[in-house]
Structure formats: structure tokens, C-alpha cells
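Q: Sharing a structure, written as C-alpha cells. Questions coming.
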Amino acid sequence: MNETIKILVIDDEKAIRNGCRRVLTGKGYEVITAENGQIGLDILAKKSMDIILLDLKMPVIGGEKVLETTRREYPDIPVIIITGHGTVDTAVVCMKNGAYDFITKPFQIDQFLLTITRAAEKRRLEQKARQFQEENIRNLYDLNLEKSRLKTIIQQMANGVMVTNRNLEVVLHNPALMRLMEIPEEIESPAPIGKIIHKESLIDTLKQILSGESPEEGSVSQEITVGANALRAISAPALGPNKAVAGTVTVLEDITAFKQLDEMKSDFVNMVAHELRSPLVSIRQLNSVLLEGLAGPLEEKQQDFVKRGMNKIDSLLELINDLLDVAKIEAGKYVQHQVPTDIGQIIEETVALMEPRAKEQGITLTHSYHNLKPVQADPKNIEEIFNNLVSNAINYSPEGGRVTITARGLAEYMEIKVEDTGVGIPPEELPKIFDKFYRVKHPKTRQVIGTGLGLAIVRGVIEAHHGTIDVESIPDKGTTFRILLPVIEPKD
């Protein structure tokens with residue numbers, strides 16, 4: 001007899017929690033509710049659950065953080081996002097981060113129950129598959145003899161499944177794997193890995209797992225392409241007696257649709273941005289003609305109104321340019337021309353550009369560097385990084401504050417720091433500051449105008465240069481951004 005499926009509903013709206021409980025209990029499910037993410041995580045720590053219904057926007061701990069925690073600590077539990085913000089972007093991000101499915105509030109009962117039923121069936125199938133795997137893991141060669149017990153389960157799975165032994169022979173696979181790998185003929189097990197997998201990157205990953213270089217209880221996720229399709233391969237060690245690595249287990253999922261959806265989103269942003277920028281530039285030029293008096297003299301009040309309009313147009317143009325930059329970064333087309341770059345020269349140019357503005361706001365702007373080494377980078381991109389970080393530091397520092405830029409060679413990296421003595425960032429805000437459109441809420445910085453895309457662009461550019469960026473901050477004391485960029489290795 002099947003055990004009752006236990007569902008955890010995490011939502012800050014009491015009506016949603018009660019509604020889910022009423023509908024699902026009537027269908028034979030056991031339902032437990034939590035009004036925020038922290039309570040939900042506490043429940044998960046004490047009681048095993050089969051399905052999680054998760055709202056995104058909640059107090060204390062939001063749904064994104066709960067999703068991140070559950071995928072790390074409870075990866076087998078399907079998480080269904082329920083939200084009133086059902087945008088394409090949200091759907092793509094949630095599914096990329098491991099959500100099982102996505103429904104919007106208010107939702108149709110039939111569609112809601114269908115999604116729950118699919119998740120419950122997935123949970124039951126995974127539990128059965130895991131039970132069979134645990135029974136047979138001692139000798140992976142015997143899986144071929146036991147295949148009839150697993151055949152019903154794995155043949156119904158949409159994802160490809162592949163199990164290898166220590167000799168990298170495939171001892172178990174399902175039809176979905178052959179379909180995803182575009183192999184028309186049936187292959188008998190055991191078979192050399194090369195007969196099924198032709199991607200060296202995936203084979204190298206399996207070799208690393210067998211050699212013990214990967215975490216024993218962890219998994220390795222990577223993307224591969226087969227023909228026109230994009231696949232996500234999740235590989236993990238299969239442990240035998242005494243927790244020794246006896247083989248590997250790989251699950252392949254077709255993510256082509258999500259990739260196409262992501263491309264459609266970027267194309268849409270590009271189209272809208274271009275269509276908006278052209279008329280805005282024309283309107284700005286017309287206003288400029290008015291301000292210069294070429295269409296007749298303006299009174300002081302009229303000039304003030306036109307200047308205000310131009311400022312608003314400039315803000316919109318800045319937002320459009322940032323949106324285009326983000327789209328280019330996501331498409332991998334932002335960094336165009338990388339050459340040996342002198343970081344010291346760019347810092348000096350940035351300081352010369354920003355110093356008048358800093359003095360106007362009563363900010364002391366200083367810089368220092370030593371042991372500089374060239375980095376392979378796009379100078380324009382690096383200049384934009386510094387302009388963004390230094391501009392933010394000035395904006396968020398009070399009069400009499402200090403902004404300091406330092407750079408130094410650090411082994412195979414260049415370390416660059418931008419420090420300020422500004423309002424700082426609360427600890428709970430730090431993980432979100434590189435998110436698109438996110439801005440720190442602080443009473444002292446309400447007057448600062450921005451798009452919320454600057455730091456997202458900074459991180460995207462740095463990662464495109466194979467570097468890293470992190471941040472440390474103390475509220476009312478200041479903030480430090482630390483960048484590491486790989487230096488050019490000297491030729492022997």
C-alpha cells in the first residue's frame with residue numbers, strides 16, 4: 001500500500017495556505033503549512049516531506065533562498081513555485097535553479113491538481129528507483145540480470161539514465177538516453193562508454209568521479225550539446241561497500257526549450273530597447289534645439305521644464321543601454337576585444353574623471369597600486385567596471401567621506417579593491433546586490449538615481465574575463481568591493 005504523500009505549503013498568504021490544505025487534503029494528501037521560509041526550513045529539518053509548494057515573495061526568508069537551500073540539502077524533493085509574479089524571466093530563473101514546475105496565483109484547480117499529481121508520481125518513481133539501486137549497487141554487473149525489475153520504471157522516464165562500472169562500461173541505460181544521444185540502434189550492456197557518449201567533456205567528468213576527485217556524495221552538473229539539442233548532464237558516484245566508488249550514475253535532461261526561451265527573452269529585450277532608443281534620441285535632439293534657442297528664445301521657467309525633460313530622457317537612455325549590455329552579457333557577446341591591459345592606467349583615468357564630482361560632494365578620492373601586472377581584458381569593459389564601482393562609492397558616501405582604489409599583483413591574479421566610508425549594506429542584502437534590478441533600500445540613499453543593473457553588469461563582465469568579485473560591508477561604516485582578475489602568464 002502506498003504511503004500518503006506529504007506536502008509542505010510555504011506561503012505568507014493565509015488564504016493560499018488554507019486553500020491548498022482544503023483542496024489537497026480532500027485528495028488524500030497530508031498537508032503541512034508554513035507562513036514564511038524560515039518556518040518551512042525548520043519543518044523540513046524535523047520531518048521528511050515529499051513535495052514543497054513554495055511562494056517566492058515572503059518575509060524573513062524569501063522563496064529564492066528557500067529554493068537554494070532545498071536544492072542543496074533536499075535535492076530529491078520536487079519544489080513547485082507558486083507566485084503571483086508569473087513572468088517569463090521568473091519562470092526561467094526558477095527552473096534553472098532546480099524548481100520542478102511553476103504555477104501562478106490565482107491558479108486553476110484542475111491545472112494545480114495535475115501539477116501536484118505529476119510531482120507525486122515523480123516522487124514515487126524516484127523512491128522506487130532509489131530502492132532498486134540500493135539493492136543492486138554492490139555489484140553493478142548484476143544490474144543487467146536485474147534489468148527486468150527496473151525496465152518498467154526507467155522506460156517511462158523522460159530523462160536519460162546511464163550507469164557505468166569502474167571500467168567505464170555502460171551497464172544500464174534507458175530508451176530516453178538513446179533518444180537524447182540520437183543513437184537509433186539498440187546497444188547491449190555492458191558496452192564501452194564511447195559507443196553511447198561522444199562528448200569528451202562528459203567522459204572526463206566520469207573519469208574524475210571514478211578517480212575520487214569529485215565529492216563522494218555530491219554531483220557534477222554540466223551542459224552538453226547533441227545535434228541541435230542542449231542537454232544538462234548530472235553525474236554522481238555510485239557507492240559500493242565501505243562507501244567505495246563502484247561506478248557512476250548520470251541523468252540527462254533536455255533543456256533545449258529553456259535555452260530557446262532564454263534566447264527569446266534576450267531577443268525581446270534587444271528589440272524593445274532598440275525601438276525605444278531611436279525616438280528618445282530624436283526627442284532629446286529636439287529639446288536640445290529648444291535649449292540652444294534655435295527655435296526662438298525661452299523664458300527661464302520654460303528652460304527649466306525642458307532641462308527636466310532631458311534629464312528624464314537621459315535616465316531612460318541609461319536604462320535602455322544597461323538592458324542592452326545585460327542582454328549582450330547573457331548572450332556571451334559583451335566582451336569583444338581582449339588585449340594586454342594596464343590596470344594602473346585605467347585607474348588613473350577613472351580617478352581623473354571622477355575627482356571633480358567627488359570634490360563637489362565633499363568626498364576624498366585616493367588611489368594606490370604596486371606590483372602591477374598586465375591582464376588580458378577589454379579596456380573599455382574594465383573602464384566601465386571602475387566607473388560603476390567608483391560612482392556608486394561616491395553616491396553612497398556622506399560628505400567628508402573617503403573613497404579609495406587600490407590594486408596589487410597577487411600571485412597569478414591582480415587584486416583590485418574599491419573601498420568607501422559610506423552607509424554600508426545590511427548583511428541580509430549582500431547576497432542580492434548583484435541581482436538584476438535590485439537596489440539596496442536605505443533612507444539615506446533614496447535620492448540616488450539608478451537602474452539597478454550596474455552591479456549585475458559588473459559581475460557579468462568580470463566573470464566573462466574569468467575573474468571573481470565579492471563584497472564586504474558594515475552598516476554605517478562602509479563597503480569594500482574586491483576583484484580578482486587573472487594576469488597574463490609570462491612566456492618561457
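Mind the numbering: the sequence shown is residues 1 to 492 in the UniProt record's numbering, read in order. We treat Cβ as the ideally placed atom computed from N, Cα and C, and that holds for glycine.
Based on DSSP bridge pairs, tell me the residues matched to Lys-417.
A: Partner(s): Thr-406, Arg-482.
Q: Taking the alpha-carbon positions, what's the Leu-485 to Leu-177 distance?
A: Their backbone Cα atoms lie some 40 Å apart in a straight line.
Q: Within the same chain, show all residues whose beta-carbon is closer than 7 Å to that of Gln-361, passing over the 5 residues directly before and after it, in chain order.
A: So the list reads Ile-394, Glu-399, once near-sequence residues are dropped.
Q: Comparing alpha-carbon positions, which option in Arg-124, Val-60, Glu-253 lies nearest Met-95?
A: The shortest Cα separation from Met-95 among Arg-124, Val-60, Glu-253 belongs to Glu-253.
Q: Please state whether DSSP places Ile-457 in a helix, a strand or coil.
A: Helix.
Q: Assign Thr-256 to one of three DSSP states: helix, strand, or coil.
A: Correct three-state label for Thr-256: helix.
Q: In three-state DSSP terms, what is Ser-282?
A: Three-state DSSP puts Ser-282 in a helix.
Q: Please report the straight-line C-alpha distance between Val-403 and Thr-480, rounded to a whole angstrom.
A: The alpha-carbon atoms of Val-403 and Thr-480 are separated by roughly 10 Å.
Q: Around the Cβ of Arg-459, are there at least 16 other Cβ atoms within 10 angstroms (buried) or fewer (exposed)?
A: Classification of Arg-459: buried, given that the 10 Å Cβ count is 16 or more.
Q: From this set, Gly-212, Met-162, Ile-80, Gln-303, which residue's C-alpha is nearest Arg-179's C-alpha?
A: Here the closest residue by C-alpha is Met-162.
Q: From the DSSP secondary-structure annotation, give me the bridge partner or partners of Tyr-369.
A: Tyr-369 pairs with Ala-407.
Q: Applying the criterion that 16 or more other CB atoms from any shown protein chain within 10 Å of the CB defines a buried residue, is Ser-201 buried or exposed?
A: The residue is exposed, with fewer than 16 neighbouring Cβ atoms inside 10 Å.
Q: Excluding the 5 residues flanking Thr-69 on each side, which residues of the same chain have their C-beta closer than 8 Å to its C-beta?
A: Excluding residues within five positions, the ones whose Cβ falls inside 8 Å are Leu-41.
Q: Kindly list the residues whose CB is nearer than 8 Å to the CB of Ile-32, restricted to its own chain and excluding five residues on each side of it in sequence; keep chain order.
A: For Ile-32, where only same-chain residues beyond five positions count, the Cβ hits under 8 Å are Lys-6, Ile-7, Leu-8, Val-9, Ile-43, Lys-47, Met-49.
Q: To the nearest angstrom, how far is it from the Cα of Asn-174 to the Cα of Ala-119?
A: Straight-line Cα distance between these residues: approximately 21 Å.
Q: Would you please state the rounded distance, in angstroms, between the beta carbons of Tyr-100 and Val-79? I believe it to be under 8 Å.
A: That belief holds up - the Cβ atoms of Tyr-100 and Val-79 are roughly 6 Å apart, short of 8 Å.
Q: Whether or not the segment 338–351 and the segment 381–397 are in contact is what I'm after, with contact meaning three or more pairs of Cβ atoms, one per stretch, closer than 8 Å; do they touch?
A: Enough Cβ pairs lie closer than 8 Å, so yes.
Q: Among all the DSSP beta bridges, which residues are the ones paired with Lys-6?
A: Paired residues: Glu-30.
Q: Should Glu-216 be labelled buried (16 or more other beta-carbon atoms within 10 Å of its own) or exposed?
A: Since pLDDT at Glu-216 reaches only 49, below the 50 mark, its modelled position is unreliable, and no value is offered.
Q: Quick one: which unbroken alpha helix (DSSP H) runs of 4-plus residues sit fully inside the segment 162–219? Chain order, please.
A: Counting only runs of 4 or more, we get 175–180, 200–211.
Q: How would you label Arg-17, buried or exposed, when you count the other beta carbons within 10 angstroms and need 16 or more for buried?
A: With 16 or more other Cβ atoms within 10 Å, it is buried.
Q: Would you kindly work out how many angstroms separate the C-alpha atoms of Arg-482 and Val-471, rounded to a whole number?
A: Cα-Cα distance, rounded: 6 Å.
Q: Between Asp-342 and Pro-374, is the Cβ-Cβ spacing less than 8 Å?
A: Yes, the pair counts as a contact, with Cβ atoms nearer than the cut-off.
Q: Report the residue from Leu-261, Asp-476, Ser-473, Phe-434 whose alpha carbon sits nearest the alpha carbon of Val-461.
A: Among Leu-261, Asp-476, Ser-473, Phe-434, the Cα nearest to that of Val-461 is on Phe-434.
Q: Using alpha carbons as the reference points, say which of Lys-417, Ile-39, Lys-122 lies closest to Ser-473.
A: Nearest of Lys-417, Ile-39, Lys-122 to Ser-473, Cα basis: Lys-417.
Q: Nearest by alpha-carbon distance to Gln-222: which of Leu-172, Ile-234, Pro-379 is it?
A: Minimum Cα distance to Gln-222 is reached at Ile-234.
Q: Output the boundary residues of the beta strand (DSSP E) element that contains Leu-54.
A: 51–54 is the extent of the beta strand (DSSP E) around Leu-54.
Q: Where do the N-terminal and C-terminal ends of the beta strand (DSSP E) with Glu-472 fall, by residue?
A: From DSSP, the beta strand (DSSP E) with Glu-472 extends over 468–474.
Q: What whole-angstrom Cβ distance do His-367 and Ile-405 have, given they're in contact under 8 Å?
A: Confirmed, Cβ separation roughly 4 Å.
Q: Just checking my contact of Pro-241 with Thr-248 at CB under 8 Å: how many whole Å lie between their CB atoms?
A: The Cβ separation is near 17 Å, so there is no contact.
Q: Please list the terminal residues of the continuous alpha helix (DSSP H) segment that includes Gln-38.
A: Looking at the DSSP string, the run of the alpha helix (DSSP H) that includes Gln-38 is 37–46.
Q: Let's see if you can read the secondary structure: which residues bound the beta strand (DSSP E) around Ile-346?
A: Element bounds for Ile-346: not the beta strand (DSSP E) but the alpha helix (DSSP H), 343–360.
Q: Any idea which residues DSSP pairs Pro-379 with across the strands?
A: According to DSSP, which records beta bridges pairwise, Pro-379 is partnered with nothing at all.
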